[in-house]
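With this note's numbering, the residue at position 405 of the sequence shown is 468, and numbering never jumps.
Presented below is the structure to which this report refers.
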Amino acid sequence: MKTRLLFLCTAILLVMFILSERVVPVSAEQVSAQETGTCPALLEDALAQMNSNCGSMGTNSVCYGYRDVVATFSEPMPDDFFDQPADLAPLETLASLQTTQFNSEQNQWGVAMLKLRANLPNTLPGQSVIFVLMGDVSLENAVPIDEAFIPPDPLPILSTGSANIRSGPGTNWNVIGSAAAGSELLADGFSADQNWMRVQVDDRYGWVNRALLDLSAPQVEGLPVIDYERRVPMQAFTFQAGIGQPICGQAPNQLLVQGPRDTLIDLNVNGVDVTIGSTVSFRQPAQDQMQLMVLEGNAYVNGDQHIPEGFSAVAPVLIDDGGTDAPTSAGGGDDDDDGGLNQSGSDDAEWSQIRPMSSDELSSAQALEAFSDDVLNYSVDVPDEPVDPSDVDNENGADGLDSDDDFDDADDDSIDDSSEDTVDDIGDDGSDESIDDGADDGGGNDDSGDNGGDE
Numbered sequence: 064m065k066t067r068l069l070f071l072c073t074a075i076l077l078v079m080f081i082l083s084e085r086v087v088p089v090s091a092e093q094v095s096a097q098e099t100g101t102c103p104a105l106l107e108d109a110l111a112q113m114n115s116n117c118g119s120m121g122t123n124s125v126c127y128g129y130r131d132v133v134a135t136f137s138e139p140m141p142d143d144f145f146d147q148p149a150d151l152a153p154l155e156t157l158a159s160l161q162t163t164q165f166n167s168e169q170n171q172w173g174v175a176m177l178k179l180r181a182n183l184p185n186t187l188p189g190q191s192v193i194f195v196l197m198g199d200v201s202l203e204n205a206v207p208i209d210e211a212f213i214p215p216d217p218l219p220i221l222s223t224g225s226a227n228i229r230s231g232p233g234t235n236w237n238v239i240g241s242a243a244a245g246s247e248l249l250a251d252g253f254s255a256d257q258n259w260m261r262v263q264v265d266d267r268y269g270w271v272n273r274a275l276l277d278l279s280a281p282q283v284e285g286l287p288v289i290d291y292e293r294r295v296p297m298q299a300f301t302f303q304a305g306i307g308q309p310i311c312g313q314a315p316n317q318l319l320v321q322g323p324r325d326t327l328i329d330l331n332v333n334g335v336d337v338t339i340g341s342t343v344s345f346r347q348p349a350q351d352q353m354q355l356m357v358l359e360g361n362a363y364v365n366g367d368q369h370i371p372e373g374f375s376a377v378a379p380v381l382i383d384d385g386g387t388d389a390p391t392s393a394g395g396g397d398d399d400d401d402g403g404l405n406q407s408g409s410d411d412a413e414w415s416q417i418r419p420m421s422s423d424e425l426s427s428a429q430a431l432e433a434f435s436d437d438v439l440n441y442s443v444d445v446p447d448e449p450v451d452p453s454d455v456d457n458e459n460g461a462d463g464l465d466s467d468d469d470f471d472d473a474d475d476d477s478i479d480d481s482s483e484d485t486v487d488d489i490g491d492d493g494s495d496e497s498i499d500d501g502a503d504d505g506g507g508n509d510d511s512g513d514n515g516g517d518e
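Here is the structure:
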């Protein structure tokens, strides 16, 4: 009998231990913040001050939004530099940034904002890529200061003939537009082989064969070589956020990233290439994972894997082990004419758990709607309820969707890059001119030579 009682007591204790391990502990501060209403009150006050403190900041700067924020810089700074809300600092000197977790007793919820260009053309006035750190979040610049690329102001250059504008510096890149003879283009750099020039097309970049441009201006030779392995400050960064249950469910530890609406932005996060097309949030559900949540628009990972609006995906956090990760080239094989452009590809990180955001995740993101469009590019509009995956498949073709399907604004499908290689001109004048990509252009330039053989 005693043996049975001992066995029964042991079994009960074992079950109680297992159940206790599954229960997420809730601190007294968590209960207090939720029950007394200090959580939404502090949240509202912090966001209101953030809107006021950072409303006037410019591009390529960082703003101290709400206490507390800790920053390190690449050069010595005065003792009182960037130590109070509303303080601003130049982005190119920022080495790292740390915001503090929500603490209602100490009236703390670290919030900081960054504005950078990333891969946006300089001709987009006032347009920036915006980062907002909230709660226990750390950000470290992964672009070495001495290797950071600072795009120059573009130079106006005239086309000497009808020219295709391609997505990359070579005939293996698709045509995204064209320019009629005599058109003014804004150029800001050369390809590595000097045969192509990067020009600004609406809200993105394109490339034109230099043989079809008037490069007589002396300032042209001062333009830099465009190398995609060189990024602007903070276009590549390492990111960490506090894990576990947040003290305030409405204030999770997260990094908000927002680009201009429906404009593709290229970033490298923890060694992984990510392309976003509006508003996303990064969180850290576990020490070795990062989570991407698409609040508006689209995101693309692994080159062309589509993460639609309202969806979430998880990737492993890649640790820098001295360069064993080998990035792949996005420019094609050895036989492709890529203009000598050195492109950094994505590390082989497998994104998984691609699913609709849960009701709790959507609810925790609702506070972002309180940010003013004076500080963001536009107000955040979080989906009200989880997305039905079947609706996304039917409406957006999420299965196998390529990034060009959503954002390629070239609407002429009659491009012929065969031996005759003529295209319908889709320049501003709407004329139907023929572009010769392989023969003498009539001006003495033989475009079939070393310059890539383009129009």
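The C-beta atom is built at its ideal place from N, Cα and C for all residues, glycine as well.
Here the structure is a predicted model, which means the values were calculated and not measured.
Pairwise C-beta distances place the stretch 218-235 out of contact with the stretch 297-314, as fewer than three of them are shorter than 8 Å.
Between the alpha carbons of C117 and P148 lies a gap of roughly 9 Å. Bridge pairing for T338: D329, Y363 [DSSP]. With a threshold of 16 other beta carbon atoms within 10 Å, A181 meets it and is buried.
Within the DSSP secondary-structure output, P153 pairs in a beta bridge with S124. Q169 sits exposed, since fewer than 16 C-beta atoms from the chains shown fall within 10 Å of its C-beta. The Cβ atoms of R267 and P184 lie closer than 9 Å to each other. Residue pairing by DSSP places G240 opposite I228 in a beta bridge. Taking each of L286, P215, V450, V320 in turn and checking the Cα distance to L425, the smallest one comes out for V450. In chain order, T156 place their CB closer than 7 Å to the CB of E138, counting only its own chain and leaving out the 5 sequence neighbours on each side.
Comparing alpha-carbon positions, the option among I339, L318, M140 lying closest to M353 turns out to be L318. Classified as exposed, G307 has fewer than 16 neighbouring CB atoms from the shown chains inside 10 Å of its CB.
For S201, no alpha helix (DSSP H) segment is defined; the enclosing uninterrupted segment is the beta strand (DSSP E) at 200-204.
Under the DSSP assignment, S375 falls in the beta strand (DSSP E) whose first and last residues are 374-379. Distance between N333 and V357, taken at the CA atoms: about 18 Å.
For E247, the enclosing beta strand (DSSP E) covers residues 247-253. About 24 Å separates the Cβ atoms of F144 and G198, ruling out a contact at the 8 Å cut-off. Distance from the Cα of G360 is smallest, within the candidate group A134, Q161, V377, T342, for T342. If the five residues before and after Q112 are omitted, its C-beta is found closer than 8 Å to the C-beta atoms of G128, Y129, P148, all from its own chain and listed in chain order. In this structure, A104 sits away from W172, with a CB-CB distance that is not shorter than 9 Å. Taken through DSSP and simplified to helix, strand or coil, A304 comes out as strand. When the beta-carbon positions are compared, I193 and V320 come within less than 9 Å of each other. The alpha-carbon separation between A250 and S124 amounts to approximately 25 Å. Here DSSP, grouped into helix, strand and coil, assigns G285 to helix.
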